[in-house]
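Numbering (the numbering used here), first residue to last: 21 to 393. The structure appears right after this line, and notes come after that.
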Ligand SMILES: [Zn+2]
């Protein structure tokens with residue numbers, strides 16, 4: 021494949037599945053041009069969207085239950101802004117913070133600041149560290165790309181468990197189209213593929229997995245399509261969401277602090293995205309994140325190019341974080357260097373449930389006209 025970069029955004033052929041039209045515009049920009057206008061609202065529309073959201077959430081609230089919804093709060097921009105909107109419109113979510121042992125101090129401080137002002141209740145789900153460490157080590161040893169699926173999978177599964185325990189029918193989600201679309205499939209793996217996690221761990225793990233929160237893809241698919249797992253509300257898709265504006269509001273309102281990059285609220289995520297992905301997998305997620313911001317007219321293409329030209333890691337931060345991560349995961353320098361220089365291994369070299377989930381998902385979409393999976 022000859023190298024090519026989109027003329028409108030900064031996505032390039034590091035995404036193996038990208039394609040370009042005759043003008044040199046990539047498939048993500050073409051799709052976004054149609055979809056982004058669906059997420060742009062007048063002030064009146066925003067107000068009415070949030071009112072309808074509030075009505076729907078309150079309608080679903082069960083009597084004698086203190087909360088009307090559940091909200092996963094990481095301290096990052098998206099979930100913090102959902103908390104802000106929920107507070108503004110008078111909802112009362114139970115906030116859940118997921119502690120996988122890697123949260124940055126800034127993220128934890130942000131959560132405290134939000135809780136102090138909103139007075140929402142907060143529960144922290146602390147994962148069993150030795151088990152999680154064993155899973156993360158397994159993924160490194162396996163050489164697969166999506167090490168973060170371990171966290172994402174556990175967050176979903178834990179959130180659903182707590183949702184059920186508290187009998188809450190609404191999940192307030194930070195998912196949003198304008199700043200999250202267009203992440204190449206080849207850079208990630210479906211988060212709910214527990215078969216894949218189990219198979220990788222079986223080969224490389226050393227501890228039995230007893231308490232790691234899990235959910236099969238089949239259960240997830242059924243729950244999501246038939247609303248058995250509560251209704252997912254996406255408040256950020258109901259307003260003119262802009263990262264820049266959201267961060268400014270959060271700073272003014274909560275004295276919220278930025279941690280310097282998408283999902284860098286976790287020390288591990290920063291190390292993974294700004295070092296492991298770039299060095300071993302030749303994938304720079306900043307390309308996709310910044311391209312979203314270009315399409316959402318938050319930054320210019322030149323600004324994005326400049327930011328991409330900055331090194332992803334400050335060298336002294338990298339030395340410090342690498343030492344910390346290796347020690348925490350129990351890898352020697354030599355072991356880790358070998359992992360970094362070994363060739364990447366595709367996830368489907370291991371068992372996966374995608375063989376039956378993909379056709380099922382297609383069936384749901386075509387027969388039941390469900391599109392939310
Ligand atoms: Zn593009």
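Glycine is no exception: its CB is placed at the ideal position from the N, C-alpha and C atoms.
>> For residue 146, count the other beta carbons within 10 Å of its own beta carbon; 16 or more makes it buried, fewer makes it exposed. Which is it?
In response: If you number the chain shown from 1, residue 146 lands on position 126. With fewer than 16 Cβ atoms within 10 Å of its Cβ, residue 146 is classed as exposed.
> So the beta strand (DSSP E) residue 145 belongs to, where does it begin and stop?
Replying inline: Position 125 of the chain shown, counted from the first residue, corresponds to residue 145. Element bounds for residue 145: 141-146.
> Near residue 313, what residues of its chain come up, given a Cβ to Cβ distance below 6 Å and the 5 sequence neighbours on each side ignored?
Replying inline: For the purposes of this step, residue 313 is identified with residue 293 of the chain shown, where counting begins at 1. Here the set comprises 319.
>> Is it buried or exposed, residue 63, if we count other Cβ atoms within 10 angstroms and call 16 or more buried?
In response: Here residue 63 is taken as the residue at index 43 of the chain shown, counted from 1. So residue 63 ends up on the exposed side.
> Residues in its own chain within less than 8 Å of residue 287 by CB, not counting five upstream and five downstream?
Replying inline: Working through the chain shown from its first residue, we reach residue 287 at position 267. Hits under 8 Å: 122, 123, 124, 341, 344 and 345.
>> Does the region 82-90 come into contact with the region 189-197, if we say contact requires no fewer than three beta-carbon pairs (one atom in each stretch) closer than 8 Å?
In response: yes
>> I'd like to confirm something about residue 28: is its beta-carbon nearer than 7 Å to some heavy atom of ligand 1, or not?
In response: Here residue 28 is taken as the residue at index 8 of the chain shown, counted from 1. Yes.
>> At the level of alpha carbons, what is the spacing between residue 217 and residue 298?
In response: Counting from 1 along the chain shown, the entry for residue 217 is found at position 197. Counting from 1 along the chain shown, the entry for residue 298 is found at position 278. Near 23 Å, if we compare the C-alpha coordinates of residue 298 and residue 217.
>> Are there any heavy atoms of ligand 2 lying less than 7 Å away from the beta-carbon of residue 217, as far as the coordinates show?
In response: Absence of ligand 2 from the depicted structure is noted, with ligand 1 being the only ligands included.
> Are there 16 or more other CB atoms within 10 angstroms of the CB of residue 280, so buried, or fewer, so exposed?
Replying inline: For the purposes of this step, residue 280 is identified with residue 260 of the chain shown, where counting begins at 1. When all chains shown are included, residue 280 counts as exposed.
>> According to DSSP, simplified to helix, strand and coil, what is residue 391?
In response: To locate residue 391, count along the chain shown from 1; it is residue 371. Confidence in residue 391 is poor, its pLDDT being 41 and thus under 50, which makes the residue's placement too unreliable to answer from.
> Are the region 268-278 and the region 131-142 touching by the rule of at least three beta carbon pairs closer than 8 Å?
Replying inline: yes
> Tell me, which residues are paired with residue 26 by DSSP?
Replying inline: Within the chain shown, residue 26 is the residue found at index 6, counting from 1. Partner(s): none; residue 26 has no beta bridge.
> Under three-state DSSP, which class holds residue 89?
Replying inline: As a working note, residue 89 is residue 69 in the chain shown. Residue 89 falls in the strand class under three-state DSSP.
> Per DSSP, residue 160 is paired with what?
Replying inline: As a first step, residue 160 is located in the chain shown; it is residue number 140 there, counting from the start. Looking at the DSSP assignment, residue 160 forms no beta bridge with any residue, so it has no partner.
> Does the separation of the CB atoms of residue 167 and residue 292 fall below 8 Å?
Replying inline: Here residue 167 is taken as the residue at index 147 of the chain shown, counted from 1. Here residue 292 is taken as the residue at index 272 of the chain shown, counted from 1. Taking 8 Å as the Cβ cut-off, residue 167 and residue 292 qualify as a contacting pair.
> Of the choices 114, 330 and 101, whose alpha-carbon is the least far from that of residue 267?
Replying inline: As a working mapping, residue 267 is identified with position 247 in the chain shown. Taking only the C-alpha atoms, the option nearest residue 267 is 101.
> Sorted by chain position, which residues of the same chain lie with C-beta nearer than 7 Å to residue 338's C-beta, five sequence neighbours on each side aside?
Replying inline: Position 318 of the chain shown, counted from the first residue, corresponds to residue 338. Cβ within range, chain order: 295.
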